[in-house]
Every structure is written in structure tokens, then in C-alpha cells.
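In the numbering used here, the protein residues as written are 6 to 163.
Just below is one structure, and these are the notes that go with it.
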């Protein structure tokens, strides 16, 4: 006699264009977080926690870009900026942008806000879960040098 398989119930999703999007208040909250993190770094008030939030938001929205096929090149730039900020923190102990990195990060807030307006909730939640797991993996490393490599590999391997 065969053993009955325990199957996980999968709820069917509507087609992509018909899935619910993030509502306006969620988009506004995300825009505020993006600007707050950028502002903290620019004013020199960012600490290691803010640095990791920047890295996680870059991972999250690059994953959304990857899953949706929108703005992938722009989000690759954000990953590069996040990697450079981590590298600089490892050398100096300070979180900050160079002049060019600031411009790219500033444009990145608009790109992330645009992605937040275009993505459906299902993809946003999947990307957020993925980014959180990726950050646990990245932060589990003992030194900052492998972190930069892992930050880039995490996105490129998926």
C-alpha cells in the first residue's frame, strides 16, 4: 500500500496584471524609508544598522527588478553603491557616499519608488522574504571583505 503524500496547498494567483498592487499608504511608507536612510547617510548620522538597511533595500528592490524585468540595470547600480558603502565601512568604520555614489543613490530612491508602484503584493512579499534571508546569509560572515562579494553573488546567482 502506498503512503499518501502530504501536499502543500498552493493558492492559484490571478494573472500578473490582475494581482493587487501595494496600496498608496504602503508606497508612501516605503518612499519615506528610502529617503530617511539616504538622508541619514548624507548627514553623517548613519550607523552600521542603517548601512545594513541600505544593503537590504538594494537587495529587495533588485530582486523585484529581477522578478518583474523592470529597471534591472538601475538596481545593479544600487547594489554596487551598497557594496562600496560596506567596503568603505570596513576600511574607515564610517557610513557615507562619495559624490557620485550620492547621485546614484538619490536616483535609486526614485527607481525603488517606481518599482514599489509597479510591483504586485505577491512579488513584493516574495522579494522581501528573499532579501531578508539573503541579508541573514551576508551578515553571518565574520569579516566585511567577503560580505561585498556575497552581496553581489546573492543577486547574480538567483
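All C-beta atoms in this analysis are idealised placements derived from N, C-alpha and C, irrespective of residue type, glycine included.
Burial state of residue 46 is buried, judged by a 10 Å Cβ sphere holding 16 or more other Cβ atoms. In the DSSP annotation of this structure, the continuous segment of the alpha helix (DSSP H) that includes residue 128 starts and ends at 126-144.
Pairing residue 62 with residue 92, the inter-Cα distance amounts to about 17 Å. Counting along the chain, residue 95 sits inside the alpha helix (DSSP H) bounded by residues 77-97.
Within the same chain, and ignoring the five residues on either side of residue 77 in sequence, the residues whose Cβ sits closer than 8 Å to its Cβ are 67, 70 and 71. Around the beta-carbon of residue 53, fewer than 16 other beta-carbon atoms lie within 10 Å, marking it exposed. Across the structure, residue 86 and residue 139 are spaced so that their CA atoms are roughly 17 Å apart. With respect to the C-alpha of residue 103, the residue from 38, 11, 120 and 48 having the closest C-alpha is 48.
Just measuring C-alpha positions, the residue of 42, 117 and 28 sitting nearest residue 100 is 42. A check of alpha carbon separations from residue 117 across 98, 145 and 75 identifies 75 as the nearest.
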